[in-house]
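Let me begin by presenting the structure, written as structure tokens, before commenting on it.
In the numbering used here, the protein residues as written are 82 to 486.
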């Protein structure tokens with residue numbers, strides 16, 4: 082089956098480009114430029130050179146021995162947290178910045194939630210000497226202040242957004258408003274959301290993740306596919322990169338973690354696939370959290386990168402087909418998984434990645450001892466230390482037990 086977007090940017094019934102008339106020409110220009118470079122040898126050579134010599138790819142595929150012993154399976158961690166800037170976001174930011182430069186664009190705009198995409202975009206702009214404006218919800222500015230300072234140090238202008246609940250959705254709203262007023266700007270969207278060609282383009286630039294997994298698994302295990310692939314989904318870029326070259330391989334079971342917040346049965350959740358209905362948000366048809374009148378229900382998650390009321394249209398499509406199994410992971414489950422990885426493997430993950438780590442506990446009853454599990458650690462936890470400290474009284478007790486606030 083073809084799991085990629087068709088010529089209209091549709092994944093089944095999801096996707097497309099629902100945009101204001103003022104952006105039609107801009108998006109058409111972008112689409113034509115993207116497809117002209119997608120398989121262009123000179124573009125790919127420049128892109129892969131940056132991935133190798135600037136980002137530090139390939140990122141390691143690490144066999145987590147102690148985690149594997151606990152869950153009775155062979156667990157490999159794709160270490161996107163070791164990339165330059167600390168997450169997978171730099172893969173896409175560099176791809177799009179090279180495209181922007183080829184199009185002659187000099188002003189770059191972006192939205193960010195957890196701040197990782199904002200930092201990656203600001204980094205790419207500093208590298209290329211381009212103006213950078215990042216829209217970020219005021220709530221996220223406060224809880225991800227370290228990343229805000231990084232963006233400013235890199236020369237970016239950070240615009241705090243005070244509408245709505247002042248998180249990722251609202252930052253995206255403001256970025257699109259600015260784009261409508263300044264259509265000559267290049268908008269680097271950080272996830273597999275937005276109008277066509279963004280979901281396809283972001284997924285393509287992130288596909289280097291699964292491209293590397295195939296080679297690394299073959300080297301370490303003698304086969305190039307796992308039994309299970311796991312990643313977290315908000316907009317879904319790290320997950321799309323992880324799944325990209327395995328979507329049509331039915332031997333591989335794909336499992337996604339979305340943000341359950343305080344529980345899908347509460348009004349404090351961002352579990353879009355579990356709770357959402359079909360609608361249009363930020364230029365694409367997808368599943369989103371909305372009331373019966375079509376008004377957006379404000380999402381909630383402890384994770385600044387997962388509290389988005391929609392989901393990338395590709396991930397809505399995969400879930401509807403049953404290609405992916407999706408678990409809502411609550412805040413407390415994600416936090417516990419983060420501390421477990423820290424204690425067992427000495428790796429402090431981003432809270433987003435911790436949602437994926439919590440999938441191990443959900444699936445442990447079906448693992449066999451010879452199963453190979455690949456899980457994407459999409460980012461490192463430096464940015465989340467204030468949150469970790471806030472939610473746990475004594476995170477490093479001698480008895481290794483965690484005491485909740």
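Just so it is clear, CB atoms sit at the ideal spot from N, CA and C, and this is done for glycine as well.
State the CB to CB distance for the pair residue i and residue j, rounded to an integer number of angstroms; the pair is presumed to be in contact (CB under 8 Å).
i	j	result
residue 273	residue 321	5 Å
residue 107	residue 241	At roughly 25 Å, the Cβ-Cβ gap does not stay under 8 Å, so residue 107 and residue 241 are not in contact.
residue 169	residue 375	Between residue 375 and residue 169 the Cβ distance is about 32 Å, and since that is not below 8 Å, they are no contact.
residue 159	residue 442	With 8 Å as the limit, residue 159 and residue 442 do not qualify as a contact, their Cβ atoms being about 19 Å apart.
residue 182	residue 209	6 Å
residue 357	residue 392	7 Å
residue 173	residue 318	6 Å
residue 98	residue 192	Not a contact, Cβ separation roughly 18 Å.
residue 167	residue 463	7 Å
residue 154	residue 455	Going by Cβ atoms, the distance from residue 154 to residue 455 rounds to 11 Å, so no, they are not a contact pair.
residue 198	residue 271	3 Å
residue 92	residue 329	No, residue 92 and residue 329 are not in contact; Cβ-Cβ is about 14 Å, not under 8 Å.
residue 104	residue 137	Contact doesn't hold; Cβ gap of about 35 Å is too wide.
residue 434	residue 396	At roughly 17 Å, the Cβ-Cβ gap does not stay under 8 Å, so residue 434 and residue 396 are not in contact.
Excluding the 5 residues preceding and the 5 following residue i in the sequence, name in chain order all residues of the same chain whose CB lies nearer than 7 Å to its CB.
i	result
residue 96	86, 90, 277, 280, 365, 366 and 394
residue 359	366 and 368
residue 152	441, 445 and 448
residue 127	179
residue 275	363, 364 and 365
residue 118	124, 180 and 183
residue 285	119
residue 465	431 and 432
residue 207	235 and 236
Residues in its own chain within less than 6 Å of residue i by CB, not counting five upstream and five downstream?
i	result
residue 237	203, 213 and 215
residue 315	386, 387 and 389
residue 335	310, 324 and 405
residue 362	369 and 391
residue 282	115
residue 156	145, 148, 149 and 454
residue 229	222 and 239
residue 131	175
residue 251	218, 242, 244 and 245
residue 450	153
residue 377	371 and 390
For residue i, which of helix, strand or coil comes out of DSSP?
i	result
residue 369	strand
residue 405	strand
residue 487	Absent from the structure is residue 487, since the part of the chain shown begins at 82 and ends at 486.
residue 479	Confidence at residue 479 is low in this model, with a pLDDT of 49, below 50, so its placement is unreliable and no value can be given for it.
residue 428	coil
residue 321	helix
residue 83	coil
residue 398	helix
residue 448	coil
residue 172	helix
residue 178	helix
residue 411	strand
residue 278	coil
residue 136	helix
residue 377	strand
residue 128	helix
residue 152	helix
residue 90	coil
residue 164	coil
residue 247	coil
Tell me residue i's beta-bridge partners as DSSP assigns them.
i	result
residue 457	159
residue 358	369
residue 188	212
residue 313	338
residue 220	None, per the DSSP bridge assignment.
residue 391	369
residue 240	216
residue 269	191
residue 227	Paired residues: none, contrary to the question.
residue 143	158
residue 95	92
For residue i, which residues from the same chain have a beta carbon less than 8 Å from its beta carbon, with the 5 sequence-adjacent residues on both sides left out?
i	result
residue 186	211, 265, 266 and 267
residue 332	306 and 308
residue 219	241, 242, 243 and 247
residue 101	261
residue 339	313, 314, 315, 351, 352, 353, 354, 355, 387, 392, 407, 408, 409, 410 and 436
residue 479	With a pLDDT of 49 at residue 479, under the threshold of 50, the predicted position of this residue should be treated as unreliable, and no value is reported.
Could you confirm whether any beta carbon from chain C is found closer than 8 Å to the beta carbon of residue i?
i	result
residue 398	Within the model displayed, chain C is absent; a lone protein chain is all it includes.
Verify the contact flag: residue i, CB atom, against every heavy atom of the ligand GDP, threshold strictly below 7 Å.
i	result
residue 273	Looking at this structure, you won't find the ligand GDP or any other ligand, since it has none at all.
Sufficient close CB pairs (3 or more, under 8 Å) joining the segment 142-149 to the segment 397-412: No, they do not touch.
Inter-stretch contact (C-beta, 8 Å, three-pair minimum) for the segment 334-354 and the segment 287-303: Short answer: they don't touch.
The segment 289-296 touching the segment 218-230, judged by at least three CB pairs closer than 8 Å: The segment 289-296 is not in contact with the segment 218-230.
Cβ contact check for the segment 148-156 and the segment 419-439: 3 or more pairs under 8 Å: Cβ pair count under 8 Å is three or more, so yes.
Stretch pair the segment 115-125 + the segment 423-438: three plus CB contacts closer than 8 Å: The segment 423-438 and the segment 115-125 do not touch, with fewer than three beta-carbon pairs separated by less than 8 Å.
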